[in-house]
Amino acid sequence: MSTIAEVELPAEEFALYETLTAFPDAHFEVVRIAAHEEKLTPYVQVSGDDLSGITTALEADPTVSEAHLVDDLEHEKLFRMNWEGNVDVVLHMVGEEAAAVVEMHGRDTHWQLRILFPNRASLSSTSSFCEENELSFTVRNVYDLQQSAGRGGFGLSEDQYETLVVAAEKGYFDVPRSVTMEELADSLGISQQAVSERLRRGHRALINSALRPDESTIGS
């Protein structure tokens, strides 16, 4: 049975450590990623109140061999990058274990990842790989993928449903985004904070409807 694991990686052993620590209040989200033999090519969306100097910081980051600005908004920027060096754990998961990166978020000194593994054995194998190579790999949660919930069984409120539908229709989830959160808020007639909260809770409801937490230990 397919397994989803929520894991944490220290940026110092992975990618963008110098950039993340230089912009501790910024949020880094990988919205798309491709793995090659010795490097990763992610599209990284950076959001924050003050992003001045972010391009220079990325170009100077030793884990970044290329950083191309794709989309530039006041509080949000999208970059296409090449990461090299400390990316072995993700290359192993994608290349050797046939895993898929579902989510990847970075802030301050750590990265939070949600990874879809073919089974628990591949997750255990990744954990062993990290141990053998002295890499930190902290598993926070493990879920077994269940059958999708039926229509009407996703646990969404009417407001959450409306916000998710409008966001999808207007291209908020596109790469690059076709609409900002501010524009989405104006369209819905609510605050940006309300939009953010509805999206966050809506995503959580959708995930919880499809994933049933399994509290057993890895490899059991």
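Once you know that position 13 of the sequence shown is 13 in the UniProt record's numbering, the rest is easy, because the numbers rise by one and skip nothing. Each residue gets a CB set at the ideal place from its N, CA and C atoms; glycine is no exception.
Here's the rule I'm using: 16 or more other beta-carbon atoms within 10 Å means buried, otherwise exposed. How should residue i be labelled?
{"i": "residue 85", "result": "exposed"}
{"i": "residue 52", "result": "exposed"}
{"i": "residue 222", "result": "Nothing about residue 222 can be reported from this structure: the residues present for the chain run from 1 to 220 only."}
{"i": "residue 74", "result": "exposed"}
{"i": "residue 151", "result": "With a pLDDT of 36 at residue 151, under the threshold of 50, the modelled position of that residue is not reliable, and the figure given next carries that caveat. Its Cβ having fewer than 16 others within 10 Å, residue 151 is exposed."}
{"i": "residue 9", "result": "buried"}
{"i": "residue 202", "result": "buried"}
{"i": "residue 204", "result": "exposed"}
{"i": "residue 173", "result": "exposed"}
{"i": "residue 40", "result": "buried"}
{"i": "residue 126", "result": "buried"}
Measure the CB-CB distance between residue i and residue j and report whether it falls below 8 angstroms.
{"i": "residue 105", "j": "residue 28", "result": "yes"}
{"i": "residue 109", "j": "residue 20", "result": "yes"}
{"i": "residue 13", "j": "residue 135", "result": "yes"}
{"i": "residue 5", "j": "residue 142", "result": "yes"}
{"i": "residue 180", "j": "residue 76", "result": "yes"}
{"i": "residue 91", "j": "residue 3", "result": "no"}
{"i": "residue 140", "j": "residue 7", "result": "yes"}
{"i": "residue 46", "j": "residue 79", "result": "yes"}
{"i": "residue 111", "j": "residue 11", "result": "yes"}
Kindly indicate the opening and closing residues of the alpha helix (DSSP H) around residue i.
{"i": "residue 43", "result": "Segment 39 to 47 is the beta strand (DSSP E) holding residue 43; no alpha helix (DSSP H) there."}
{"i": "residue 97", "result": "Residue 97 -> no alpha helix (DSSP H), and no H or E assigned at all."}
{"i": "residue 120", "result": "120 to 132"}
{"i": "residue 135", "result": "Careful: residue 135 lies outside any alpha helix (DSSP H) and carries neither H nor E."}
{"i": "residue 51", "result": "Premise fails: residue 51 is in no alpha helix (DSSP H) and is neither H nor E."}
{"i": "residue 19", "result": "17 to 22"}
Hey, could you find the ends of the beta strand (DSSP E) residue i is sitting in?
{"i": "residue 190", "result": "Element bounds for residue 190: n/a, residue is neither H nor E."}
{"i": "residue 5", "result": "3 to 10"}
{"i": "residue 166", "result": "Not the beta strand (DSSP E): residue 166 falls in the alpha helix (DSSP H), residues 158 to 169."}
{"i": "residue 69", "result": "64 to 72"}
{"i": "residue 35", "result": "27 to 35"}
{"i": "residue 116", "result": "110 to 117"}
{"i": "residue 78", "result": "76 to 84"}
For residue i, which option in the options has the closest C-alpha, if you only look at C-alpha atoms?
{"i": "residue 63", "options": "50, 81, 47 and 96", "result": "81"}
{"i": "residue 198", "options": "30, 120, 174 and 165", "result": "165"}
{"i": "residue 114", "options": "99, 107, 11 and 18", "result": "99"}
{"i": "residue 159", "options": "170, 169, 194 and 137", "result": "194"}
{"i": "residue 66", "options": "72, 44, 48 and 31", "result": "44"}
{"i": "residue 59", "options": "83, 119 and 31", "result": "83"}
{"i": "residue 26", "options": "11, 49, 34 and 132", "result": "49"}
{"i": "residue 97", "options": "107, 118, 79 and 111", "result": "118"}
{"i": "residue 34", "options": "69, 93 and 189", "result": "93"}
{"i": "residue 56", "options": "18, 87 and 32", "result": "18"}
{"i": "residue 69", "options": "87, 103 and 42", "result": "42"}
{"i": "residue 95", "options": "103, 129 and 11", "result": "129"}
Under the criterion of a Cβ to heavy atom distance below 7 angstroms, does residue i qualify as lining the ligand ZN?
{"i": "residue 172", "result": "The model on display carries no ligand, and the ligand ZN is accordingly not part of it."}
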